[in-house]
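Chemist: Sharing a structure below in structure tokens format, with a few things to ask.
Number of protein chains: 4
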Amino acid sequence: MSFNSFGRVFRFSTWGESHGPAIGAMVDGCPPGLALSEADVQPFLDKRRPGTSKFTTQRQEPDQVRILSGVFEGKTTGTPISLMIENVDQRSKDYGDVAKAYRPGHADYAYDAKYGFRDYRGGGRSSARETASRVAAGAVARLVIPEVTILGYVSAIGGDAIDPAHFDAAEIGNNPFFCPDAKAAARWEKLVDDARLAGSSLGAVVECVATGVPAGWGAPLYAKLDAELASAMMSINAVKGVEIGDGFAAAALRGEENADPMRPGDAGAPAFLANHAGGIAGGISTGQPVRVRVAFKPTSSILIPVETVTREGQASDIITKGRHDPCVGIRGVPVVEAMMALVLADHKLLHRAQCG
Amino acid sequence: MSFNSFGRVFRFSTWGESHGPAIGAMVDGCPPGLALSEADVQPFLDKRRPGTSKFTTQRQEPDQVRILSGVFEGKTTGTPISLMIENVDQRSKDYGDVAKAYRPGHADYAYDAKYGFRDYRGGGRSSARETASRVAAGAVARLVIPEVTILGYVSAIGGDAIDPAHFDAAEIGNNPFFCPDAKAAARWEKLVDDARLAGSSLGAVVECVATGVPAGWGAPLYAKLDAELASAMMSINAVKGVEIGDGFAAAALRGEENADPMRPGDAGAPAFLANHAGGIAGGISTGQPVRVRVAFKPTSSILIPVETVTREGQASDIITKGRHDPCVGIRGVPVVEAMMALVLADHKLLHRAQCG
Amino acid sequence: MSFNSFGRVFRFSTWGESHGPAIGAMVDGCPPGLALSEADVQPFLDKRRPGTSKFTTQRQEPDQVRILSGVFEGKTTGTPISLMIENVDQRSKDYGDVAKAYRPGHADYAYDAKYGFRDYRGGGRSSARETASRVAAGAVARLVIPEVTILGYVSAIGGDAIDPAHFDAAEIGNNPFFCPDAKAAARWEKLVDDARLAGSSLGAVVECVATGVPAGWGAPLYAKLDAELASAMMSINAVKGVEIGDGFAAAALRGEENADPMRPGDAGAPAFLANHAGGIAGGISTGQPVRVRVAFKPTSSILIPVETVTREGQASDIITKGRHDPCVGIRGVPVVEAMMALVLADHKLLHRAQCG
Amino acid sequence: MSFNSFGRVFRFSTWGESHGPAIGAMVDGCPPGLALSEADVQPFLDKRRPGTSKFTTQRQEPDQVRILSGVFEGKTTGTPISLMIENVDQRSKDYGDVAKAYRPGHADYAYDAKYGFRDYRGGGRSSARETASRVAAGAVARLVIPEVTILGYVSAIGGDAIDPAHFDAAEIGNNPFFCPDAKAAARWEKLVDDARLAGSSLGAVVECVATGVPAGWGAPLYAKLDAELASAMMSINAVKGVEIGDGFAAAALRGEENADPMRPGDAGAPAFLANHAGGIAGGISTGQPVRVRVAFKPTSSILIPVETVTREGQASDIITKGRHDPCVGIRGVPVVEAMMALVLADHKLLHRAQCG
């Protein structure tokens, strides 16, 4: 029941702070014999890497991953895979104010209340920097589920949503927002830049679809596939909501509208005529695409002063200097994808355990 | 990593099917010395009990709980508490059609795909009847957290929401909908009854607020309080979305709008001027009320025919006879409350373990 | 991390006290589609059942098991299997003295120290009566590993050991001691009866061999097959030692004496020329028989007075009335077998999870 | 349920192979605010370090530990503590033969059977080198239990046991065998050296006593303190047996001989007149010293040829070159101590979780 581990059979643990010497992940339970090298992990880290456009933090981290164990002659051995990423561009001097006062929206006060003190440098353990470890672990998870394709993208920033009619997966890589709608991407350029220049920040919605998931993954009742995805996504920094399929929209529907009717399909499996359920029924995958939506709040670190209190209990105003993403949801895309991969890999193995 | 267990130190497991002889829960890790008898559990089961109004299923279940272990001379002993509820009013003959064809929106096909066959009587293990076990376990959890008050209610049915300005907690017990807005409750009478008479069903949103939670509960990063709540809520039948605090609405805000500013408060703790975060920052409680919103899809069992396929792969239409809730979200309220209690009790003990 | 659960994928939990209304087990993670009825479980309970000879406690318990969930139309469904055994022959009045003073060798003082009080009736949760739940769960586990044959027996009582040269598996069922050596069984008649008549008790050694275990089960490094067996066996009441293969005898050997040499065998697997290792190397089964030895201390409940203290801290002498086994190790045989089956079933599934 | 993790609240995971770039441990759940630096860990690693006398392997490893996370300004933060030890003196060329044939007594064949192939360099993950990670984690665990003193020593080598009458704890550090009996240590010089020169090896018995453990630690029934210790010890390389208290000797006793009588003691706690039970009753500590005995088999790597088979199934003889301990049990002492500390730290926190 490690606090810093996730998963059941395919299980990963992460360690490290924003301004420590390194961060890392340990992946346990990985099947043996899978081809794995740093080159399989690095592209996903590069996708999440900071400093690649003006719309992300200017911290410059190469995020070079090293595999320290669990691989022999290019293949996983079935033993723990230790992944390490050195921190390079720490600037702890930015955090003098943070040591003394609590940044609203951040975990500063909560950590102090829980642990009695905190590593304030860059948010310490609560920094989104930790998500690099998830992305690295997620790259390993993808090797376990070659039958699955995972596609994440941003569907709204600051309340400005994509038009589903303009959805084009090929566009996602063509803009700095992981946006599948070219017109929305064009609007967001100004939207995000304005927020950045104003020292403000914006929330976002990330969607993620996994196709190729066979029917039968998920272990009811308390390891339901949707419950695991909810936990996985809600554990990401800044996430405040998770939906499976239609999510809250389903709460406004009638039963006949929300049904996913079936007709005879290929190979004995039903062909579904709709997917309100997001590919999961009773906590088990149905063979349809698994669809998740994730709400990211706006970055809490802003240059606009906010009322706060100091550790000594004095009133103060705080502005959060340092280098921050104006919209943390953007770089959330590879993290959401990684968590999807990690949950699915685990449940593929779990299903195999129980159902052969 | 039991599939049918939830929690870490204060941990419960459930067993039983809709039409088996009984259902039950085992609570493990409960602190010793707490006064506990059936009378502490029964009121919560009565709140969830079917057959109490025309707006819920007409299945008549007394839902009498028996405590079979873990209590001696009226106090918990620290050993497992076994709670059993006998099933009384099964009518398995209603389920002949269900044996042969898959009900859209139900777990029928997914269970067949996973396990090769299924107990089709009343949905078997996937029936919402299981939630009675959660409610029983939740009643024990409440004893562990006497400092916390949990208040659940329905905030919308079929897209018709309460008016927050009319919120009155005292109203919740005055109508069959757990509705805190008398006017909305009056509207829902007709709304739900119309759906029922039409053989249709409605979705709902349930909200739950826990006050009195001290700052410091929650174990980052993968046992964050919000991640655990998300998992807990998403594991409930028919739930498709979970929000903490402002949830998806936060994704449309700017950083300065979403901040929860602080001023000096009593006893050294900050006084928060807002609670967009829903009482949780960095996965740790802040001392503010913990707020969760949960989306229930409309009941999948409806009398309106839906296209489906048989187990043999033939096209068919199905209507789901039997006795069903026209809006399963209503009776979801005591279940959501129970899951809130179970998560909080567990995290109170976890916090005590690590932080003394 | 339930305290009262064991196993990882195939996982069981037990509940219940010696003098409560019932005891039981919940088995989670069982593969679906296995034929299971009470008739598959009862014979193992009958083997452990008290009151069958003068060499066991005279408590009369029919130990009739009921399956309350997880089985449909005679087959396991993949959902939790709830097994319940009602307690029938409680005589709590025997335990007046126990309420007031601590029985040496029992858990009385430790439970009081831990929990602040205890259910003193028959030892409450710490009673060996709980092992009936293990035996019931173990009967389910056996269905998961039809390729494995498990043979348990008593190899020594009160220091009087069987002669390996006289080992005859067919003898085990011919005497009340599960003794494979007819001559030893004859000696033990008098040995155990003398102890019983003297109000004393005797320790015993139980051995258990599992044949048919394929190479590859066990998950190093902290779920090694031998580590799991050690935990499983040491969790049994009265057990104080566990050996795998030669155990402590290996500590007196030289490397070349302790080696298990190999020669080419059938079907590509090596043929081992010895089995000092007890069928486990590096925490993984080798394909050889898995051999475990378990030390049971003498029953702590004796009629010979022992110095003790009361709950109030006064010096006292105590004799333990009630109905007790003069040698608790004898009825330990079906329990050791059950734990062997439970560990192996779990690791079969675990191996399948990771290694396909 | 990580395979490579141990513990429940205070939980550690290890990674790394004998001949990889590094090995390491991650400690999760450690209480915050404990003073910790590399200097707290290094002395325990030095105690286990190879190459310090002719009685241990000549591999030269400085075993310098680095703390990569979880400590801020000299104190634990409550977040994961990552400990890394670089491998320096690998000589993989020694292992050419091992790649082709199975070393009897080693995990070679079992790993191949399980995973399909193996990292044969120095035994890979199955090497005793991993125990350095345990020792590092154990040093952290000791900080959690300052009330406890842990004393480990070798009590027998190759069947030659110490004389309890000559036990002198002060002697343990005076010889290369962790031997508390100066006369035995003198005998072992020749015994071990003879074995070494003959290319053979010897088994050993390690004993470990923890004093200062208060009554009440341990969580029955499946997280009993003795069951956890059994699992912890049996997971150590080369261990084949575990005893608590009198262990197998208790199986030869009568009830009145094995009783630990009590008389009124100080501060309300009983004074025990004996400790056959090894400080644990019903799986819970009694306040007496916790005593464990552990059997180490002789090192399997010997220079005496043993019959084996190749990976291709051909008969062969193998001698294991490389640098090996003539008696692996000797360096087992700090490992056994570490596992004792890790189990006790975990159970201190668990007890606090449930019982306040």
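Chains as they are written, first to last, in the numbering used here: chain C, 1 to 356; chain Y, 1001 to 1356; chain A, 2001 to 2356; chain W, 3001 to 3356. No residue lacks a Cβ here, since even glycine has one placed at the ideal position from N, Cα and C.
(1) 8 Å is my cut-off, CB to CB: does W:Gln-3314 come that close to chain A?
(2) Tell me whether the stretch 3130-3143 of chain W and the stretch 3308-3328 of chain W touch, counting them as touching only if at least three CB pairs, one residue from each stretch, are closer than 8 Å.
(3) With distances taken Cα to Cα, identify the nearest neighbour of A:Asn-2275 among A:Ala-2249, A:Gly-2268, A:Ala-2295.
(4) Which residue wins for smallest C-alpha separation from W:Glu-3312, given the options A:Ala-2267, A:Asn-2004, A:Thr-2299, A:Gly-2356?
(5) Starting from the C-beta of C:Asn-258, find all residues in its chain whose C-beta is less than 6 Å away, skip the five residues before and the five after it, and write them out in chain order.
(6) With 16 as the cutoff for other CB atoms within 10 Å, does Y:Asn-1174 come out buried or exposed?
(7) So, does the stretch 34-48 of chain C touch the stretch 3074-3085 of chain W, judging by three or more C-beta pairs under 8 Å?
(8) Under a three-way DSSP split, which group does C:Cys-208 fall into?
(9) Check the Cβ-Cβ distances between C:Ala-345 and every residue of chain A, and say whether any is below 8 Å.
(10) Answer yes or no: do Y:Leu-1350 and W:Ala-3353 have a C-beta to C-beta separation smaller than 8 Å?
(11) Counting beta carbon pairs with one atom in the stretch 1095-1103 of chain Y and one in the stretch 2002-2009 of chain A, are three or more of them shorter than 8 Å?
(12) Along the chain, where does the beta strand (DSSP E) that runs through C:Thr-14 open and close?
(13) So, at 6 Å on beta carbons, what are the nonlocal neighbours of Y:Ile-1172 in its own chain, with the 5 sequence-adjacent residues on each side left out?
(14) Between Y:Gly-1124, Y:His-1324, Y:Gln-1042, Y:Gly-1033, which has its C-alpha nearest Y:Gly-1136's C-alpha?
(15) Using 10 angstroms around the beta-carbon of W:Lys-3054, count the other beta-carbons present and answer buried if the total reaches 16, otherwise exposed.
(16) In three-state DSSP terms, what is A:Val-2148?
(17) Looking only at its own chain, which residues have a Cβ that is under 7 Å from the Cβ of Y:Pro-1289, when we skip the five neighbours before and after it?
(18) Does the pairing of the stretch 2228-2248 of chain A with the stretch 3225-3244 of chain W give three or more beta-carbon distances under 8 Å?
(19) Report the option in C:Leu-143, C:Arg-121, C:Gly-116 whose CA atom is closest to the CA atom of C:Gln-90.
(20) Which class does W:Ile-3304 belong to by DSSP, given the choice of helix, strand or coil?
(21) Taking only three categories from DSSP, how would you classify W:Lys-3075?
(22) Does chain C have any CB closer than 8 Å to the CB of A:Ala-2341?
(23) Determine the burial state of A:Asp-2194: buried for a count of at least 16 other Cβ atoms within 10 Å of its Cβ, exposed for fewer.
(24) List, in order along the chain, the chain W residues whose C-beta lies closer than 8 Å to that of C:Ser-18?
(25) Beta-carbon within less than 7 Å of W:Arg-3142's beta-carbon, same chain only, minus the 5 sequence neighbours each way: which residues are those?
(26) Considering just the uninterrupted stretch of the alpha helix (DSSP H) at Y:Lys-1348, what are its terminal residues?
(27) Where in the stretch 3223-3305 of chain W do unbroken runs of the beta strand (DSSP E), each at least 3 residues long, occur, reported from the N-terminal end onward?
(28) Measure the beta-carbon distance from C:Ala-35 to C:Gly-70 and round it to whole angstroms, keeping in mind my assumption that it falls under 8 Å.
(29) Return the first residue and the last residue of the beta strand (DSSP E) that C:Glu-86 is part of.
(30) Can you list, in chain order, the residues of its chain whose CB lies under 6 Å from that of A:Phe-2272, leaving out five sequence neighbours each side?
(31) Can you check whether the CB of C:Gly-78 is closer than 8 Å to the CB of W:Ser-3002?
(32) Within a Cβ cutoff of 6 Å, which residues of the same chain sit near Y:Leu-1303, ignoring the five residues on either side of it in sequence?
(33) List, in chain order, every chain A residue whose beta-carbon is nearer than 7 Å to that of Y:Gly-1332.
(34) When the distance is taken between beta carbons, is Y:Tyr-1102 closer than 8 Å to Y:Thr-1308?
(35) For C:Ser-285, is the classification buried or exposed, using 16 other Cβ atoms within 10 angstroms of its Cβ as the cut-off for buried?
(36) Between A:Leu-2349 and chain W, is there a C-beta pair that is closer than 8 Å?
Modeler: Taking the definition as stated:
(1) Working through the fourth sequence from its first residue, we reach residue 3314 of chain W at position 314. Yes, because at least one Cβ of chain A sits closer than 8 Å to the Cβ of W:Gln-3314.
(2) no
(3) For this step, residue 2275 of chain A is matched to residue 275 along the third sequence. Here the closest residue by C-alpha is A:Ala-2249.
(4) As a working note, residue 3312 of chain W is residue 312 in the fourth sequence. The option with the nearest alpha carbon to W:Glu-3312 is A:Ala-2267.
(5) Start at 1 with the first residue of the first sequence, and residue 258 of chain C comes out as number 258. Same-chain partners within the cutoff: Ala-250, His-276.
(6) As a position in the second sequence, residue 1174 of chain Y is number 174, starting the count at 1. Exposed.
(7) no
(8) As a working mapping, residue 208 of chain C is identified with position 208 in the first sequence. In the structure shown, C:Cys-208 sits in a strand (DSSP, three-state: E or B).
(9) Taking the first sequence and counting its residues from 1, the one referred to as residue 345 of chain C is at position 345. Taking Cβ atoms only, chain A never reaches closer than 8 Å to C:Ala-345, which makes this a no.
(10) The residue given as residue 1350 of chain Y occupies position 350 in the second sequence. The residue given as residue 3353 of chain W occupies position 353 in the fourth sequence. Going by C-beta atoms, Y:Leu-1350 is nearer than 8 Å to W:Ala-3353.
(11) no
(12) Counting from one through the first sequence, the residue named residue 14 of chain C turns up at place 14. Residues 11-16.
(13) Position 172 of the second sequence, counted from the first residue, corresponds to residue 1172 of chain Y. Here the set comprises Tyr-1153, Phe-1178, Pro-1180.
(14) Counted from its first residue, the second sequence places residue 1136 of chain Y at position 136. According to the sequence as given, residue 1136 of chain Y is Ala; it is not Gly. If we check each option's Cα against that of Y:Ala-1136, Y:Gln-1042 comes out closest.
(15) Locating residue 3054 of chain W in the fourth sequence gives position 54, counting from the first residue. When all chains shown are included, W:Lys-3054 counts as exposed.
(16) Against the third sequence, residue 2148 of chain A aligns to sequence position 148. Three-state DSSP puts A:Val-2148 in coil, outside helix and strand.
(17) Reading the second sequence from its first residue, position 289 is the one you call residue 1289 of chain Y. Cβ within range, chain order: Val-1209, Ala-1210, Thr-1211, Asn-1275, Gly-1279.
(18) yes
(19) Within the first sequence, residue 90 of chain C is the residue found at index 90, counting from 1. Among C:Leu-143, C:Arg-121, C:Gly-116, the Cα nearest to that of C:Gln-90 is on C:Arg-121.
(20) The count along the fourth sequence starts at 1 and reaches residue 3304 of chain W at position 304. Coil, per DSSP.
(21) Along the fourth sequence, one-based indexing puts residue 3075 of chain W at 75. W:Lys-3075 falls in the strand class under three-state DSSP.
(22) Locating residue 2341 of chain A in the third sequence gives position 341, where the first residue counts as 1. A:Ala-2341 does not count as touching chain C.
(23) Looking up residue 2194 of chain A in the third sequence gives position 194. That one is exposed.
(24) By one-based count along the first sequence, residue 18 of chain C stands at place 18. Within chain W, no residue comes near C:Ser-18; the closest Cβ sits about 10 Å away, beyond 8 Å.
(25) On the fourth sequence, position 142 is the one that residue 3142 of chain W refers to. Contacts found: Ala-3341.
(26) Locating residue 1348 of chain Y in the second sequence gives position 348, counting from the first residue. Note, Y:Lys-1348: alpha helix (DSSP H), 1332-1355.
(27) 3239-3244, 3262-3264, 3270-3272, 3290-3296
(28) Translated into positions along the first sequence, residue 35 of chain C becomes position 35. Translated into positions along the first sequence, residue 70 of chain C becomes position 70. Not confirmed; about 13 Å, so no contact.
(29) What you label residue 86 of chain C is simply residue 86 of the first sequence in a count that begins at 1. 81-86 is the extent of the beta strand (DSSP E) around C:Glu-86.
(30) As a working note, residue 2272 of chain A is residue 272 in the third sequence. Counting only Cβ-Cβ distances below 6 Å, and skipping sequence neighbours, we find Asp-2260, Met-2262, Gln-2288.
(31) Numbered from its first residue, the fourth sequence carries residue 3002 of chain W at position 2. Numbered from its first residue, the first sequence carries residue 78 of chain C at position 78. No. Outside cutoff.
(32) Along the second sequence, one-based indexing puts residue 1303 of chain Y at 303. If we look at Y:Leu-1303 and ignore the five residues flanking it on each side, its Cβ neighbours are Gly-1199, Ile-1319.
(33) As a working note, residue 1332 of chain Y is residue 332 in the second sequence. Simply none; closest approach about 22 Å.
(34) Along the second sequence, one-based indexing puts residue 1308 of chain Y at 308. Along the second sequence, one-based indexing puts residue 1102 of chain Y at 102. Yes, the pair counts as a contact, with Cβ atoms nearer than the cut-off.
(35) As a first step, residue 285 of chain C must be located in the first sequence, where it is residue number 285. The residue is buried, with at least 16 neighbouring Cβ atoms inside 10 Å.
(36) Here residue 2349 of chain A corresponds to residue number 349 of the third sequence, with the count starting at 1. Chain W, which has no Cβ nearer than 8 Å to the Cβ of A:Leu-2349, makes this no.
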